[in-house]
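Each remark here refers to the structure printed beneath this line.
Protein chains: 2
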Amino acid sequence: MPCRKKEVNTVPETFPTQAEASRPTMIDVARRAGVGLGTVSRVVNGGHGVREETAQRVRVAIEELGFRRNEVARALRPGKKSSSLALVLGDLTNPFYATIAKASLEVAGQSGFAVVLGSVDEDPEGEKRAIQELVSRQVAGLMIVPDQGDHSFLAGAGVPVVFVDRPAHGIEADIVMVDNEGGGRLATEHLLSQGHERIAILLAPSYYTTGRRLRGYRRAHRASHVDVDESLVVQLPEGNAEAAEKATFELMLRPDPPTALFASTNFLTEGVLRALRELGREPAVVGFDDFRLADMLPTPVTVVASDIAELGRSAARLLLDRASGEDTRPPQRIVLPCALIQRGSGERPPDSAADRKTR
Amino acid sequence: MPCRKKEVNTVPETFPTQAEASRPTMIDVARRAGVGLGTVSRVVNGGHGVREETAQRVRVAIEELGFRRNEVARALRPGKKSSSLALVLGDLTNPFYATIAKASLEVAGQSGFAVVLGSVDEDPEGEKRAIQELVSRQVAGLMIVPDQGDHSFLAGAGVPVVFVDRPAHGIEADIVMVDNEGGGRLATEHLLSQGHERIAILLAPSYYTTGRRLRGYRRAHRASHVDVDESLVVQLPEGNAEAAEKATFELMLRPDPPTALFASTNFLTEGVLRALRELGREPAVVGFDDFRLADMLPTPVTVVASDIAELGRSAARLLLDRASGEDTRPPQRIVLPCALIQRGSGERPPDSAADRKTR
DNA sequence: CTCCTGGACGGTAACGTTTCCAAGGATTTA
DNA sequence: TAAATCCTTGGAAACGTTACCGTCCAGGAG
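Chains as they are written, first to last, in my numbering: chain D, 39 to 397; chain B, 39 to 397.
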């Protein structure tokens with residue numbers, strides 16, 4: 039009897055640390071059910087054109103053998119892409135990215151898609167390598183939170199792409215993002231309306247989002263007929279909390295410190311708060327993007343926030359539509375709104391910035 | 039001339055939203071380089087047994103055509119598993135899980151492995167489905183942060199498995215975890231040494247880790263000859279901050295409230311702090327697992343912490359070794375130590391728990 | 001009764017890679 | 001010089017699935 043490898047009904051004498059159990063194939067199922075290979079395939083894929091009685095026999099055989107379709111072999115067929123999406127992003131430890139990952143994972147999962155996370159080094163070259171790795175895995179689509187640098191190499195990849203949070207250079211593709219300019223404007227208007235006229239803005243380096251938030255900041259000033267002191271527009275060398283902390287120190291120790299600070303990123307907000315605690319100063323603070331425990335800090339933190347999870351969900355939905363071929367519209371551009379969440383730190387009047395030295 | 043599909047040298051007239059570019063295959067490369075298929079394969083896989091001159095020709099052809107090996111087809115060969123690991127965990131929004139994901143991703147990436155995230159619903163049944171989905175994708179190994187429930191179905195999967203953070207029932211496999219008992223003991227000893235004798239412990243429901251942390255709590259009490267008031271051992275109905283907040287309210291409003299609280303999870307710690315702020319009470323608090331901004335809260339939070347990233351790294355390393363077949367040792371059990379980080383909340387003396395109502 | 005239609009089903013050819021085997025040429029050894 | 005060996009190379013089989021193309025049989029129309 040030409041049986042595949044061996045049936046494992048006997049207990050192996052050694053612990054099967056990495057059992058080579060060789061899962062049953064459709065051929066095994068076909069043999070067992072006494073039908074042809076094609077019939078099994080038809081049953082597995084919805085069972086059209088198969089007599090109910092036959093289908094039942096096949097299903098029984100599948101159950102008995104514990105058969106599961108080999109997705110790799112399936113994806114090999116021409117035209118069929120694998121049922122996985124790729125997600126390329128920076129630092130999962132940043133709640134912002136983690137939220138996107140979780141949300142897209144949920145949506146993909148509902149459609150039976152898995153999500154492959156490419157490993158992302160810091161440099162743009164590493165990003166490119168990671169993306170190509172993923173393409174060679176025949177993923178059905180790519181969700182990318184792009185780094186700076188050219189992404190035109192994606193044009194010929196033959197895979198639909200959705201950019202998340204910011205667009206990429208050199209390629210036109212779907213993009214899902216938040217209303218950065220509106221958010222920057224919202225935050226700044228809020229501070230201006232409290233009477234602040236010296237509002238510093240801290241910017242992470244050269245992200246697209248950074249520029250838009252700054253634009254909102256400028257627009258708000260213009261609308262209120264307040265001039266921007268360019269020395270209060272701080273381009274940080276890095277996007278982390280430490281850089282923001284250092285910059286805040288310098289800002290606040292100037293002879294003419296700002297009365298309010300707008301931190302354009304969740305990590306930057308953290309750095310700002312650290313510096314202020316150290317300094318014992320209390321200028322108004324507004325952050326971009328909400329973060330856990332923002333309401334639990336000594337002065338709860340006012341932020342402009344958007345629905346980050348929706349960012350991930352939209353991206354996944356859009357990508358699934360593209361991958362299925364249903365959606366052939368020109369590249370979409372989805373922009374989610376921002377809202378101001380007042381908690382206290384953003385509602386401090388200009389004079390509260392004076393030295394308190396309550397330490 | 040039997041050319042594959044078509045060469046796309048012409049600019050398509052419509053925007054190629056999801057270009058069907060049909061990437062070049064090894065056959066194309068072979069034709070272009072004027073060599074056989076096998077030779078190309080040998081070059082791609084390290085090029086042993088190929089004359090340098092021939093190899094060079096092949097490499098040029100690869101470059102010119104922009105060829106990338108199709109990983110799906112590669113994984114189809116018997117014995118060859120795909121070069122991806124699967125990671126199954128709960129809520130990526132929890133920094134604990136996010137850290138594991140990031141760390142394992144890094145290690146896997148260094149070995150050229152991608153990480154597939156299975157979508158994980160809440161129920162154990164969903165977890166099982168997700169795992170089987172991943173197995174059918176021929177992943178080279180599984181990292182699982184297991185839910186309760188039986189995992190014996192994994193025994194025949196023919197794939198190495200590493201459990202993370204807690205063991206699973208019904209299967210013996212590698213496991214990487216933290217020293218839960220030691221950590222629980224450390225936290226409790228610390229509080230006892232301050233003179234606390236009424237220490238409440240809040241426990242998330244029925245996790246393995248919960249039981250171990252509780253055991254450490256009891257051991258510390260026994261070692262100090264302090265009896266445990268069983269009414270201070272609080273099993274929460276859910277593992278989230280809300281449940282902990284509610285329980286803390288009830289605890290602190292008792293006629294005989296505890297003078298210290300040990301929150302056995304980062305989310306629980308958050309709930310405890312919320313309740314205490316609301317109540318205006320200040321018992322000592324120690325949390326299990328560090329969290330971002332813990333040092334920035336009104337009273338910085340003392341925690342027992344371990345190197346969560348190392349948890350993820352170890353898991354990935356172990357799994358890669360197993361997958362390569364190099365490591366055939368019996369199931370390993372890696373336990374990482376916990377350390378106490380004193381920040382203030384855990385160093386409050388017993389009498390500080392008295393009503394302050396400073397609000 | 002014959003022919004045609006259509007549903008059910010079996011078989012086979014791909015998909016792109018790796019691996020094995022055999023063949024050819026060059027080089028060494030007797 | 002002939003034989004044996006090695007290195008290089010080409011070709012074909014196989015992996016598990018899906019898609020297509022026939023075949024077979026039943027039933028209805030002419």
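For glycine and all other residues, C-beta sits at the position ideal for the given N, C-alpha and C.
Chain-ordered chain B contacts of residue i [CB-CB under 8 Å]
i: residue 313 (chain D); result: Those do not exist, as residue 313 (chain D) stays about 11 Å from chain B at its closest Cβ, beyond 8 Å.
i: residue 219 (chain D); result: Within 8 Å Cβ-Cβ: nothing; residue 219 (chain D) doesn't reach chain B, min ~26 Å.
Where residue i sits in the DSSP three-state scheme
i: residue 89 (chain B); result: coil
i: residue 331 (chain B); result: coil
i: residue 345 (chain B); result: coil
i: residue 124 (chain D); result: strand
i: residue 76 (chain B); result: helix
i: residue 129 (chain D); result: coil
i: residue 294 (chain D); result: coil
i: residue 377 (chain B); result: strand
i: residue 389 (chain B); result: helix
i: residue 207 (chain D); result: strand
i: residue 247 (chain D); result: helix
i: residue 161 (chain D); result: coil
i: residue 360 (chain D); result: helix
i: residue 226 (chain D); result: helix
i: residue 322 (chain D); result: strand
i: residue 49 (chain B); result: Residue placement at residue 49 (chain B) is flagged as unreliable, the pLDDT there being 34, under the threshold of 50; the coordinate-derived value follows with that caveat. Residue 49 (chain B) falls in the coil class under three-state DSSP.
Neighbourhood of residue i by C-beta distance below 7 Å, restricted to the same chain and skipping five residues each side
i: residue 87 (chain D); result: 80
i: residue 234 (chain D); result: 297, 298, 322 and 388
i: residue 267 (chain D); result: 236
i: residue 171 (chain D); result: 156
i: residue 248 (chain D); result: 241, 242 and 302
Residues near residue i in its chain [Cβ-Cβ closer than 8 Å; skip 5 each side]
i: residue 74 (chain D); result: 68
i: residue 221 (chain B); result: 251, 254, 326, 342, 344 and 376
i: residue 382 (chain B); result: 337, 338, 339 and 340
Beta-carbon proximity list for residue i, same chain, < 6 Å, skipping 5 on both sides
i: residue 143 (chain B); result: 153
i: residue 200 (chain B); result: 181, 212, 353, 356 and 357
i: residue 278 (chain B); result: 305
i: residue 71 (chain D); result: 95, 96 and 99
i: residue 253 (chain D); result: 219
i: residue 105 (chain B); result: 62 and 67
Cβ neighbour criterion (16 or more within 10 Å) applied to residue i
i: residue 117 (chain B); result: exposed
i: residue 98 (chain B); result: exposed
i: residue 260 (chain B); result: exposed
i: residue 344 (chain B); result: buried
i: residue 327 (chain B); result: buried
i: residue 83 (chain D); result: exposed
i: residue 366 (chain D); result: exposed
i: residue 384 (chain D); result: buried
i: residue 289 (chain D); result: buried
i: residue 115 (chain B); result: exposed
i: residue 231 (chain D); result: exposed
i: residue 133 (chain D); result: buried
i: residue 318 (chain B); result: exposed
i: residue 52 (chain D); result: Low confidence applies to residue 52 (chain D): its pLDDT is 34, below 50, so where it sits in the model is not reliable enough to give any reading.
Option in the options with minimal Cα separation from residue i
i: residue 164 (chain B); options: B:151, B:189, B:312 and B:149; result: B:189
i: residue 379 (chain D); options: D:103, D:338, D:112 and D:358; result: D:338
i: residue 193 (chain B); options: D:346, D:349, D:345 and D:61; result: D:61
i: residue 197 (chain D); options: D:204, D:203 and D:210; result: D:210
i: residue 308 (chain D); options: D:292, D:319 and D:283; result: D:283
i: residue 119 (chain B); options: D:175, D:269, D:256 and D:316; result: D:175
i: residue 217 (chain D); options: D:177, D:203 and D:329; result: D:203
i: residue 269 (chain D); options: D:294, D:162, D:249 and D:247; result: D:294
i: residue 179 (chain D); options: D:103, D:124, D:331 and D:91; result: D:124
i: residue 228 (chain D); options: D:103, D:300 and D:107; result: D:300
Contact set between residue i and chain B, taken where Cβ atoms lie within less than 7 Å
i: residue 15 (chain D); result: Residue coverage of chain D in this structure runs from 39 to 397, which leaves residue 15 (chain D) outside it and unanswerable.
i: residue 156 (chain D); result: 152
i: residue 174 (chain D); result: 106, 107, 108 and 109
i: residue 230 (chain D); result: Under the 7 Å cutoff, chain B gives no residues; its nearest Cβ is about 27 Å from residue 230 (chain D).
Chain D residues whose Cβ lies nearer than 7 Å to that of residue i
i: residue 114 (chain B); result: 110, 111 and 114
i: residue 139 (chain B); result: 130
Chain B contact residues for residue i, given Cβ-Cβ distances below 9 Å
i: residue 227 (chain D); result: Within chain B, no residue comes near residue 227 (chain D); the closest Cβ sits about 27 Å away, beyond 9 Å.
Partners in chain D for residue i, counting only beta-carbon separations shorter than 9 Å
i: residue 120 (chain B); result: 110 and 175
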